[in-house]
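In this note's numbering, the protein residues as written are 1004 to 1181. To keep things clear, I will list the structure first and then write my remarks on it.
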C-alpha cells in the first residue's frame, strides 16, 4: 500500500473537518458520547475514497486525536477500546469502496464497528453505570446505540439526498483520477 500526497492531504482535511464538526454537539449524553454535526462522515469518506488501508489509518489517527482533545482515561485497555479501536472502526468503510452503494454500506459498517467497541467498553469498564434492574450488555448497547444511531440516521438521510449523493460521487471520481 502506497500513501500518496493526495491521500495524505485528503486524510488531514478529513481529520480537521471531523474534529471541528465533533465540537458542534447537537445532543450530549450524560456520561460521554454525543450526536455531532456529521463528524463520523468525514472519516468514513477517506475509506470510501481510498480503500481500507488509508481509511483505517485515518480513523485510528482521528481516534487518538479525539483522546488528546477530550481524554477519558481510566486504564490503558479502556483508552485503546474507546479511542483507536472505536474510532478506528470507522475505517471499515474502505472495505466497501468498490461496491454499489458503497458509501452507505461502508458508513453503516463503520458506525456498527464503532458501536461494537463502545458497547464492549461499556460492558467491561463502565458496567457500574447500568441500572440495577437492567442487564449490563443491554444497557451498554442501548446507551451507545442511542447517540450513534441518531447521528447515523441524520447522516444517512443527508447522504441519500440526490444533490449530496451526486456531489460525493463527483468528488470520488476526482480523487481517483491520476
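For every residue, glycine included, the Cβ atom is placed at its ideal position computed from N, Cα and C.
Report the CB separation of residue 1109 from residue 1047 in whole angstroms; it is logged as a contact under 8 Å.
6 Å
Where the beta strand (DSSP E) through residue 1030 begins and ends
It spans 1028-1031 - the beta strand (DSSP E) in which residue 1030 sits, taken as one unbroken run.
Can you look up residue 1004 in the DSSP assignment and give me helix, strand or coil?
In this prediction, residue 1004 scores a pLDDT of 49, lower than 50, which makes its location untrustworthy; no coordinate-derived value is stated.
Using 8 Å as the threshold, is the region 1044-1058 in touch with the region 1073-1084, meaning 3 or more CB pairs across them?
no
Measure the Cβ-Cβ separation of residue 1062 and residue 1094 and say whether it is below 7 Å.
Their beta carbons are under 7 Å apart, which means residue 1062 touches residue 1094 by this criterion.
Three-state secondary structure assigned by DSSP to residue 1039:
When secondary structure is reduced to three states using DSSP, residue 1039 falls in the strand class.
Assess contact between the region 1029-1044 and the region 1138-1158, defined as three or more Cβ pairs (one per stretch) separated by less than 8 Å. Is contact present?
yes
If distances are taken between C-alpha atoms only, which option among 1091, 1127 and 1115 comes closest to residue 1069?
1091
Quick one: give me the first and last residue of the alpha helix (DSSP H) that residue 1152 is part of.
1139-1163
Could you pull the start and end residues of the alpha helix (DSSP H) that residue 1124 belongs to?
1105-1128
Residue 1057 and residue 1010 - do their beta-carbons sit closer together than 7 Å?
Yes; because the gap between Cβ atoms is below 7 Å, this pair is in contact.
How many whole angstroms separate the CB atoms of residue 1096 and residue 1112, which I take to be in contact at a CB cut-off of 8 Å?
6 Å
Under the rule that 16 or more other beta-carbon atoms within 10 Å means buried, what is residue 978, buried or exposed?
With the chain represented from 1004 up to 1181, any question about residue 978 goes unanswered, as that position is not in the structure.
Between the C-alpha atoms of residue 1052 and residue 1025, what's the straight-line distance to the nearest angstrom?
21 Å
Under the three-state reduction of DSSP, which class applies to residue 1076: helix, strand or coil?
Coil at residue 1076, not helix or strand.
Using only alpha-carbon positions, find the residue among 1089, 1139 and 1016 that is nearest to residue 1121.
Checking every option, the nearest Cα to that of residue 1121 belongs to 1089.
Close Cβ partners of residue 1144 (< 7 Å) along its chain, the five nearest in sequence each way excluded
1122
Which of helix, strand or coil DSSP assigns to residue 1081:
helix
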